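Notes follow the structure.
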Amino acid sequence: MPGRLRVLQVTPRFFPDMGGIETHVYETARRLNAMPGLRVDVLTTDRDGSRPPVEVVEGIRVRRVPAWPRERDYYVAPRIRAAVGGGYYDLVHCQGAHTAVPVIAMTAALAAGTPYLVSPHTGGHSSAIRHRLRGAQWRALGPLLRRARQVVCVAEFEKEMFARLARVAVDRLRVVPNGVEPASTTTDIRPDADAPTVVSVGRFEKYKGQHHLIAALPTLLEREPRARLVLVGRGPYEDELRTQAARLGVADQVSFTFVPPAERQAMTDLLAGAHVVALLSEYEAHPVAVMEAVALGRPVVVAPSTGLGELADRGLAERVDDPADPRTVAATLLRHLTARTTAGAEVTAEGNTGNTPAGASGHGTPSTHLPTWDDCAGALADAYRAHA
Numbered sequence: 001m002p003g004r005l006r007v008l009q010v011t012p013r014f015f016p017d018m019g020g021i022e023t024h025v026y027e028t029a030r031r032l033n034a035m036p037g038l039r040v041d042v043l044t045t046d047r048d049g050s051r052p053p054v055e056v057v058e059g060i061r062v063r064r065v066p067a068w069p070r071e072r073d074y075y076v077a078p079r080i081r082a083a084v085g086g087g088y089y090d091l092v093h094c095q096g097a098h099t100a101v102p103v104i105a106m107t108a109a110l111a112a113g114t115p116y117l118v119s120p121h122t123g124g125h126s127s128a129i130r131h132r133l134r135g136a137q138w139r140a141l142g143p144l145l146r147r148a149r150q151v152v153c154v155a156e157f158e159k160e161m162f163a164r165l166a167r168v169a170v171d172r173l174r175v176v177p178n179g180v181e182p183a184s185t186t187t188d189i190r191p192d193a194d195a196p197t198v199v200s201v202g203r204f205e206k207y208k209g210q211h212h213l214i215a216a217l218p219t220l221l222e223r224e225p226r227a228r229l230v231l232v233g234r235g236p237y238e239d240e241l242r243t244q245a246a247r248l249g250v251a252d253q254v255s256f257t258f259v260p261p262a263e264r265q266a267m268t269d270l271l272a273g274a275h276v277v278a279l280l281s282e283y284e285a286h287p288v289a290v291m292e293a294v295a296l297g298r299p300v301v302v303a304p305s306t307g308l309g310e311l312a313d314r315g316l317a318e319r320v321d322d323p324a325d326p327r328t329v330a331a332t333l334l335r336h337l338t339a340r341t342t343a344g345a346e347v348t349a350e351g352n353t354g355n356t357p358a359g360a361s362g363h364g365t366p367s368t369h370l371p372t373w374d375d376c377a378g379a380l381a382d383a384y385r386a387h388a
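Position 294, counted from 1, in the sequence shown is what full-length UniProt numbering calls 294; the numbers after and before it change by one each time, with no gaps.
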């Protein structure tokens, strides 16, 4: 195809909103735009009218359209249809599959005869009913997903799930994991031996499991009175988490903070200062913060579910089989808080060199190198060129 290949990435949300999809789009789009022969724009939504309709973010042209309802995550954005179906782009890449935004984008691309890819970026939900309906949702999306040139998953379990539930042909499914940035795994910060710290990064939603860590804290403090818990994020469950900490008498040992998504070095420093990083979420596809923690050589403790279980199977994290049991969680965290602190990362992003233990235990030989964002963007570039 002469000239540059014009690609539109469609995502329900983008920076300054926080989340795994937002980070994935930001990290890949800016790299793709630096490659010869590619032009990647981002189309996203603005639910409260506070964002500029068009802006350039690190070389990425970002267009925002209104979406409703503003206070829900099942919002729709009708203007997506016109932006996707206008015929300007050679390929559409739908990022995320859990709102009406990708449905509108896929149907518009289909009507316009524009080829499209889909990266589902599946996630959990704090509503038990919504969580149980996910399987039905993927089945309902089957006809649109089967028309995609490729469904790009971030983990093997996603690939298997969409083959089974949405009946997407195996040859149209591909796994391209999220990456880490080698430069972001460089820091002089080390854990403070006098302040044993557990860090958990993620949006404050019930399904993310931060309440399990707070519940374990009284037991943990019995064995290690200096322990503290740092919760990094924002979200609707924050008031409940603060109330829980106060009720259990551990409010002084729990701190809440937020790191803007684009401030990667600040997040790196925060993770590097942890004795252990924990994510006890009911559902994660391929969590970026956990991968960064592994690359930094920090021990990681995870729930046994979905993509977190895959990381444990690879020896990159330690699995807690029952996150709802405070004593089990406390015992697992204590093991890392009292272990010899190491610095750096032996399990590293490709191209980064580290000489000290990492992963689940902080000891031993790494089982693998971690993919970088350059790897991720390169794989997407190959897919774009193959399917446009």
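Every residue, glycine too, gets a C-beta built ideally from N, C-alpha and C.
None of the values given here were measured: they were computed from a predicted structure.
Own chain partners of residue i with C-beta closer than 8 Å, once the 5 adjacent residues on each side are dropped
i      : result
LEU141 : ALA97, VAL103, ALA166
VAL277 : VAL198, VAL199, SER200, VAL201, LEU271, ALA289, VAL290, ALA293, ARG298, PRO299, VAL300, VAL301
MET1   : Annotation note: pLDDT 46 at MET1 (below 50); position unreliable, no value reported.
GLY49  : PRO66
ALA112 : VAL84, GLY85, GLY86, GLY87
Selection from the options that minimises the alpha carbon distance to residue i
i      : options                        : result
LEU337 : PRO196, GLU55, GLY85, ARG39    : PRO196
TYR384 : VAL62, ASP239, SER119          : SER119
PRO36  : ARG6, ARG51, PRO53             : ARG6
LEU110 : ARG79, HIS121, ALA262, ALA148  : ALA148
ALA193 : ALA29, VAL232, PRO16, GLY273   : GLY273
ARG314 : ASP239, HIS369, TYR283, MET267 : HIS369
GLN9   : CYS94, ALA82, HIS24, VAL56     : CYS94
LEU248 : PHE14, PRO371, LEU221          : LEU221
ARG203 : LEU280, ALA82, LEU333          : LEU280
ASP252 : LEU217, ALA108, GLU240         : LEU217
ARG13  : SER305, PRO304, ARG51, GLY3    : ARG51
THR82  : ALA266, ALA108, VAL57          : Looking at the sequence itself, residue 82 is Ala, so the reference to Thr does not match. Nearest of ALA266, ALA108, VAL57 to ALA82, Cα basis: ALA108.
PHE258 : VAL170, PRO371, LEU231, ALA245 : LEU231
GLY20  : ARG242, GLY86, VAL180, ARG47   : VAL180
VAL84  : ARG327, PRO115, PRO304, ARG228 : PRO115
THR122 : SER305, VAL92, VAL250          : SER305
THR243 : PHE157, ASP46, GLN210, THR45   : GLN210
For residue i, the first and last residue of its enclosing beta strand (DSSP E)
i           : result
TYR203      : At residue 203 the sequence reads Arg, which differs from the Tyr that was named. ARG203 -> no beta strand (DSSP E), and no H or E assigned at all.
TYR116      : 116-119
PRO66       : 60-66
residue 389 : Since the first residue of the chain shown is 1 and the last is 388, residue 389 is not available in this structure.
ARG228      : 228-232
PHE256      : 254-257
Own chain, CB closer than 7 Å to residue i, minus 5 neighbours either side, in chain order
i      : result
ALA379 : VAL176
LEU32  : LEU38, VAL40, ALA377, LEU380, ALA381
LEU173 : VAL151, CYS153, LYS159, PHE162, ALA163
HIS286 : VAL154, ALA155, PRO177, ASN178, GLY307
GLY309 : ARG319
THR334 : For the sequence presented, residue 334 should be read as Leu rather than Thr. Excluding positions up to five away in sequence, the list reads LEU220, ARG223, GLU224.
PHE15  : GLU22, TYR26, VAL57, PRO261, ALA262
LYS208 : GLY202, SER281
ASP322 : THR328
PRO326 : ALA215, ALA216, THR219
Cross-strand partners of residue i (DSSP beta bridge)
i           : result
ALA330      : Note: ALA330 sits in no beta bridge, so no partner.
GLN9        : VAL42, HIS93
GLN150      : LEU117
residue 392 : Lying outside 1 to 388, the shown extent of the chain, residue 392 is not represented and no answer is given.
THR372      : VAL180
THR197      : ARG228
GLU318      : VAL301
residue 396 : Any question about residue 396 goes unanswered here, given that the chain covers just 1 to 388.
VAL84       : Partner(s): none; VAL84 has no beta bridge.
Contacts around residue i, its chain only, beta-carbon distance under 6 Å, and the 5 residues preceding and following it disregarded
i      : result
ALA100 : VAL76
GLU27  : TRP373
ASP269 : THR187, ILE189
MET18  : PRO261
LEU144 : MET106
ARG30  : GLU58, GLY59, ILE60
GLY233 : GLY202, ARG203, PHE204
SER255 : VAL230
CB contact below 8 Å: residue i versus chain D
i    : result
VAL7 : Absent from the structure: chain D. Only one protein chain is present.
Host alpha helix (DSSP H) of residue i (start-end)
i           : result
residue 389 : Any answer about residue 389 is impossible in this case: the structure gives the chain only from 1 up to 388.
GLU284      : Run containing GLU284: none; DSSP gives neither H nor E here.
THR219      : 210-223
ARG264      : 264-272
ARG4        : Unbroken run through ARG4: none, as it is neither H nor E.
LEU296      : Element bounds for LEU296: n/a, residue is neither H nor E.
TYR26       : 20-32
THR306      : 306-313
PRO78       : Taken as a continuous stretch (DSSP letters only), PRO78 belongs to no alpha helix (DSSP H), as it is neither H nor E.
PHE162      : 156-165
VAL170      : Looking at the DSSP string, VAL170 is not in any alpha helix (DSSP H), and its letter there is neither H nor E.
THR107      : 100-112
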